[in-house]
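Here the structure is laid out as structure tokens; the discussion comes afterwards.
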Amino acid sequence: DAGITQSPRHKVTETGTPVTLRCHQTENHRYMYWYRQDPGHGLRLIHYSYGVKDTDKGEVSDGYSVSRSKTEDFLLTLESATSSQTSVYFCAISVGTVTDTQYFGPGTRLTVL
Amino acid sequence: TQLLEQSPQFLSIQEGENLTVYCNSSSVFSSLQWYRQEPGEGPVLLVTVVTGGEVKKLKRLTFQFGDARKDSSLHITAAQPGDTGLYLCAGPRYGNKLVFGAGTILRVKS
């Protein structure tokens, strides 16, 4: 257990509304990641962070922004949610410098109507 | 087109049967990982293979990394209902990022 929690676990929202998902870790790991999971696509990286206030884009970053003001929290924001952003969102951390081994949170199921 | 192609996409078998899941790429990877995911949960790391030709065993699961480090396979012997889940392969790309295959859904019927 890598001590990762995500909130909320489920959310239903309407098109055009802002949404923020939170990932919290308890062990001060440097690297944190946000993925989305859709049928037939596996997991796709949205954004990742390599330290406080240090973030970078992944392969599907359009429509998403992130912030990391504290080591333990990594926030994912959908500024204006669209139906195409309906998905399951997973946060992950990597331990130490072994960034190719990642541990995942329980996920947030987001539905945009 | 995914960088890591997994096959088959879906597999439904009877308890006790053997199966193999494949993960292929045209690119060389420094390592490959296999994860298993159960419904409503996040993926859980099963194994990391690093050396070309490497074989790792985890109870009834055997993982192999291709000699050229472009492919990997997962073989399950005598599958059990508890093996049911989504199996994902993943490999590091561009330093700090992982790229995932689309996954293989395995259903083992008792």
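Protein sequence lines, in the order shown, are assigned to chains H and R.
My numbering puts the first residue of the first sequence at 1338, with every later residue one more than the last.
My numbering puts the first residue of the second sequence at 12, with every later residue one more than the last.
For every residue, glycine included, the Cβ atom is placed at its ideal position computed from N, Cα and C.
These figures come from a predicted structure and were not determined experimentally.
Contacting residues, own chain, Cβ-Cβ under 6 Å from valine 1425 of chain H (five flanking each side not counted): Here residue 1425 of chain H corresponds to residue number 88 of the first sequence, with the count starting at 1. Excluding residues within five positions, the ones whose Cβ falls inside 6 Å are Gln1374, Gly1444, Arg1446.
Could you say which of R/Lys70, R/Thr95, R/Ala101 lies nearest to aspartate 82 of chain R if we only look at CA atoms? Counting from 1 along the second sequence, the entry for residue 82 of chain R is found at position 71. Of the candidates R/Lys70, R/Thr95, R/Ala101, the one whose C-alpha sits nearest the C-alpha of aspartate 82 of chain R is R/Ala101.
For arginine 1359 of chain H versus leucine 1415 of chain H, is the C-beta distance shorter than 7 Å? For the purposes of this step, residue 1359 of chain H is identified with residue 22 of the first sequence, where counting begins at 1. For the purposes of this step, residue 1415 of chain H is identified with residue 78 of the first sequence, where counting begins at 1. It is not a contact, given that the beta carbons lie outside the stated cut-off.
Using Cβ-Cβ distances below 9 Å, what residues of the segment 1375–1399 of chain H are close to chain R? Pro1376, Gly1377, His1378, Gly1379, Leu1380, Arg1381, Leu1382, Tyr1385, Tyr1387, Asp1393, Gly1395, Glu1396
Inter-residue spacing [alpha-carbon to alpha-carbon] between glutamine 75 of chain R and serine 84 of chain R: In the second sequence, the residue the question calls residue 75 of chain R occupies position 64. In the second sequence, the residue the question calls residue 84 of chain R occupies position 73. Those two C-alpha atoms are separated by around 5 Å.
Where DSSP assigns a beta bridge to threonine 1438 of chain H, which residues make up the other side? Numbered from 1 along the first sequence, position 101 holds the residue referred to as residue 1438 of chain H. For threonine 1438 of chain H, which the question treats as bridged, DSSP gives no partner whatsoever.
Is the beta carbon of phenylalanine 1441 of chain H sitting closer than 7 Å to the one on proline 54 of chain R? As a working note, residue 1441 of chain H is residue 104 in the first sequence. As a working note, residue 54 of chain R is residue 43 in the second sequence. In this structure, proline 54 of chain R lies closer than 7 Å to phenylalanine 1441 of chain H by Cβ.
Can you tell which of H/Gly1340, H/Thr1438, H/Gly1353 has its C-alpha closest to the C-alpha of threonine 1448 of chain H? On the first sequence, position 111 is the one that residue 1448 of chain H refers to. It is H/Gly1353.
Chain R contacts from the segment 1403–1429 of chain H (Cβ-Cβ distance under 8 Å): Phe1427, Ala1429
Take the Cβ of arginine 1346 of chain H as the centre, count every other Cβ of all protein chains shown within 10 Å, and call the residue buried at 16 or more, exposed below. The residue you call residue 1346 of chain H lines up with position 9 of the first sequence. It counts as exposed.
Answer yes or no: does any C-beta atom of chain H fall closer than 7 Å to that of phenylalanine 40 of chain R? Within the second sequence, the letter at position 29 stands for residue 40 of chain R. Chain H, which has no Cβ nearer than 7 Å to the Cβ of phenylalanine 40 of chain R, makes this no.
Same chain only: Cβ atoms within 6 Å of threonine 31 of chain R, ignoring 5 sequence neighbours per side: Working through the second sequence from its first residue, we reach residue 31 of chain R at position 20. If we look at threonine 31 of chain R and ignore the five residues flanking it on each side, its Cβ neighbours are Ser84, His86.
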